[in-house]
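For reference, the structure discussed in these notes is given below.
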Amino acid sequence: MIVTMDARFEVRIADDAAALAAIAAREVVDVARAAVAARGRFAVALAGGSTPRATYRLLAEPPLATQMPWDRTLVFFGDERGVPPDHPQSNYGMARTALLQHVPIPPDHVFRIAGESADPDAVAADYAKTLAEALGVRRGEVPRLDLILLGLGIDGHTASLFPGSPVLKETFRTVAAVHAAAASVPQRFTLTYPVLNAAACVIYIVSGAEKAKIVKAALGDRSTGLPAAMVRPSDGRLLWILDRAAAAALPARRTS
Ligand code: 6PG
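Heads up, the sequence shown is in this note's numbering, so the first residue is 110 and it goes up one at a time.
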């Protein structure tokens with residue numbers, strides 16, 4: 110594994126997708142245990158898509174499953190598609206199958222975005238309220254999650270923050286309903302930058318040669334304007350965990 114440090118973020122490069130999942134799962138456990146030790150709880154927003162599935166599966170089995178503080182863990186979702194929980198495109202459904210149904214997390218500690226609802230704006234408003242109440246923040250305050258897991262789309266989107274979307278300019282609402290015409294399921298729900306950039310830790314999990322070009326662009330400077338490049342926790346840790354294929358276009362960097 111290659112570790113590179115940059116003033117703005119840390120990059121870890123794993124040999125392959127399996128090693129990537131192992132590193133990511135280990136990081137989740139370490140962040141979870143530190144959060145419980147410091148604050149008595151671990152509030153995490155899970156990433157959707159397909160890449161995180163291998164990481165979730167490792168967290169669902171020993172040895173990592175027995176190291177996780179499940180009874181002190183609160184699970185949210187970074188984004189969701191406008192589908193019911195048992196739909197193959199549901200991010201909640203993927204996390205439940207790979208992880209949540211296998212571990213002793215109290216059911217009322219898992220906060221699903223009700224993507225199937227007929228009123229998307231009400232879903233976003235309700236989820237913002239749920240997030241604030243669960244984390245004990247007052248209206249108008251931005252909830253600080255202990256960890257947000259994110260993926261990266263080949264167009265530079267992350268969560269459901271897509272290039273050119275008006276939601277990229279959102280500075281107040283913490284959750285938004287968005288229409289992403291290019292997405293597999295256009296109706297989306299997403300955490301916004303105020304929440305992403307308030308997190309104590311953000312970890313990107315990115316795998317595959319098809320992501321190499323966009324990884325290079327996203328790890329460049331903010332001027333690219335790529336949604337994923339705008340995630341910079343103001344008082345938190347930003348870690349990119351890549352496999353070699355996804356890191357292939359990165360320039361040789363200082364490594365340790
Ligand atoms: C979603 C995700 C999205 C995902 C990227 C990468 O709901 O689609 O939240 O942001 O992380 O599209 O997806 P893959 O891991 O499937 O490449």
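Built from N, CA and C at the ideal position, the CB exists for glycine as well.
- According to DSSP, residue pairing for Trp179 in a beta bridge does not occur.
- Secondary structure note for Asp230: its alpha helix (DSSP H) is the uninterrupted segment 229-243.
- Minimum Cα-Cα distance from Lys325 among the listed residues Gly265, Ser274, Ala290, Thr280 corresponds to Gly265.
- In the DSSP assignment, Asp264 falls outside any beta strand (DSSP E) and carries neither an H nor an E.
- In this structure, the alpha-carbon of Ala318 lies about 7 Å from that of Ala357.
- DSSP, reduced to helix, strand and coil, places Ile222 outside both helices and strands of the structure shown, so it counts as coil.
- Counting other Cβ atoms within 10 Å of its Cβ, Arg148 stays below 16 and is therefore classed as exposed.
- Placement of the Cβ of Thr175 at a distance of 7 Å or more from every heavy atom of the ligand 6PG is found.
- Shown here for Tyr236: same chain residues with a beta carbon closer than 6 Å to its own, the five before and five after excluded, namely Ile222, Val284 in chain order.
- A distance criterion of 7 Å places the beta-carbon of Ser199 beyond contact range of the ligand 6PG, judged by its closest non-hydrogen atom.
- If you look at Arg297, you'll find it in the beta strand (DSSP E) that goes 296-300.
- With a 10 Å radius around the Cβ and a threshold of 16 neighbouring Cβ atoms, Ile263 comes out exposed.
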